[in-house]
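S.K.: In this note's numbering, the protein residues as written are -8 to 131.
Note that CB positions come from ideal geometry on N, CA and C, so glycine has one too.
Here the structure is a predicted model, which means the values were calculated and not measured.
(1) Assuming residue 2 and residue 86 are in contact, meaning their beta carbons sit under 8 Å apart, how far apart are those beta carbons, in whole angstroms?
(2) Under a three-way DSSP split, which group does residue 43 fall into?
(3) If you follow the alpha helix (DSSP H) that residue 69 is in, where does it begin and where does it stop?
(4) Using the rule of at least 16 other Cβ atoms within 10 Å of the residue's Cβ for burial, across every protein chain shown, is residue 81 buried or exposed?
(5) Over the uninterrupted alpha helix (DSSP H) stretch that includes residue 110, give me the two end residues.
(6) Rounded to whole angstroms, what is the Cα-Cα separation between residue 64 and residue 74?
(7) Buried or exposed, going by whether 16 or more other CB atoms sit within 10 Å of the CB of residue 79?
(8) Could you tell me the alpha carbon to alpha carbon distance between residue -1 and residue 111, rounded to whole angstroms?
(9) Rounding to the nearest angstrom, what Cα-Cα distance links residue 99 and residue 45 in this structure?
(10) Any beta-carbon of chain D closer than 8 Å to the one on residue 101?
(11) What does the alpha-carbon distance come out to for the pair residue 150 and residue 33?
(12) Secondary structure at residue 36, three-state DSSP: helix, strand or coil?
(13) Since residue 13 and residue 109 are thought to touch, with beta carbons under 8 Å apart, how far apart are those beta carbons, to the nearest angstrom?
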């Protein structure tokens, strides 16, 4: 099932990646997040204690920006018009500086979350290229 991540990181509105399982990279493909457990039990306990106390601030304007970016990408994908901006990448807009940052999330054959979808995938690289730069004419 295709899905997209939208939200915020502090004051950064975040959208993507738009994941087509087995075709585009997922959020975990790059392993650029701290989701692995550590062998050091003392360190693991400290991390857990910090994370249990932390609550990210919620800013309505930043959430609205993330939702707008994500909704537009979903409409472009489903409506097959324009270019979807968050295939194989996570896009962030810094609200305090009005600058855009991107993190790549390219397909990783060893990803423990989406590798099975990659093996069952019937699509080709040409399909991905067509999807990532799609316009209305590409689907007629």
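M.R.: On the basis of the data shown:
(1) In the chain shown, counting from the first residue as 1, residue 2 sits at position 11. In the chain shown, counting from the first residue as 1, residue 86 sits at position 95. Contact holds; Cβ gap of about 5 Å.
(2) Reading the chain shown from its first residue, position 52 is the one you call residue 43. Three-state result, residue 43: helix.
(3) Taking the first residue of the chain shown as 1, we reach residue 69 at position 78. Where residue 69 is concerned, the enclosing alpha helix (DSSP H) stretches over 51 to 70.
(4) Locating residue 81 in the chain shown gives position 90, where the first residue counts as 1. It counts as buried.
(5) Here residue 110 refers to the residue found at position 119 when the chain shown is read from its first residue. Here the alpha helix (DSSP H) through residue 110 covers 106 to 111.
(6) Within the chain shown, numbered from 1, the residue matching residue 64 stands at position 73. Within the chain shown, numbered from 1, the residue matching residue 74 stands at position 83. Each residue's alpha carbon lies about 8 Å from the other.
(7) Counting from one through the chain shown, the residue named residue 79 turns up at place 88. So residue 79 counts as buried.
(8) In the chain shown, the residue the question calls residue -1 occupies position 8. In the chain shown, the residue the question calls residue 111 occupies position 120. Whole-angstrom Cα-Cα distance: 32 Å.
(9) Here residue 99 is taken as the residue at index 108 of the chain shown, counted from 1. Here residue 45 is taken as the residue at index 54 of the chain shown, counted from 1. The alpha-carbon atoms of residue 99 and residue 45 are separated by roughly 30 Å.
(10) Within the model displayed, chain D is absent; a lone protein chain is all it includes.
(11) The question about residue 150 has no answer here: the residues shown for the chain are numbered -8 through 131.
(12) Taking the first residue of the chain shown as position 1, residue 36 is located at position 45. Three-state result, residue 36: helix.
(13) One-based indexing of the chain shown puts residue 13 at position 22. One-based indexing of the chain shown puts residue 109 at position 118. About 5 Å separates the two Cβ atoms, so the contact holds.
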